[in-house]
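**Student:** Mapping the sequence shown onto the numbering used here, position 46 (from 1) lands on 806, and the numbers just tick up by one.
Beta carbons: idealized from backbone N, C-alpha and C, even for Gly.
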Amino acid sequence: MARGVNKVIIVGNLGADPDTKSMPSGNMVANFSVATSESWNDRDTGERQEKTEWHRVVFFGRLAEIADQYLRKGSQVYVEGNCRLENGRTEMEMRGGQLRL
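1. Contact check, N773 vs V794 under 8 Å by CB: the rounded distance?
2. Could you have a look at D779 and say whether DSSP puts it in helix, strand or coil?
3. Since I believe V771 is in contact with Y838 (beta carbons under 8 Å), could you give me their beta-carbon distance rounded to a whole number of angstroms?
4. Strictly by DSSP, which residues pair up with A795?
5. For G760, I'd like the list of residues in its chain whose CB is within less than 8 Å of its CB, leaving aside the five on either flank, ordered along the chain.
6. Looking at the structure shown, is E840 part of a helix, part of a strand, or coil, going by DSSP?
7. Nearest-angstrom Cα distance between P778 and G841?
8. From the DSSP output, which residues share a beta bridge with V768?
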């Protein structure tokens, strides 16, 4: 029996260029935010409503290198990975995850 599943898929647009750095180990890390939006019509007023959520994404290693090379503000991305809570903030950690441009 499975103990649980922690899988997240986000399709959205980058809010800024990735912040990419080299760690002391020589591996790269890339941090960036992805915006996802949903819209609906309010039942009572009929007004169009929209809500945007921001998701912090962290890539390590080869994915960080790819992000640094290809991703820019406004790029649409498909990100698949797992989610973890760190210092009260939810972040997607992409170790062996997928990135589709």
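**Tutor:** Let's see:
1. Right, the Cβ-Cβ distance comes to about 7 Å (below 8 Å), so this counts as a contact.
2. Reduced to three states, the DSSP call for D779 is strand.
3. Contact between Y838 and V771 holds, with the beta-carbon distance rounding to 5 Å and staying under 8 Å.
4. Answer is N773, W814, bridged to A795.
5. Outside the modelled stretch of the chain, which goes from 761 to 861, sits residue 760, for which no answer is possible.
6. Correct three-state label for E840: strand.
7. Distance between P778 and G841, taken at the CA atoms: about 17 Å.
8. V768 pairs with G841.
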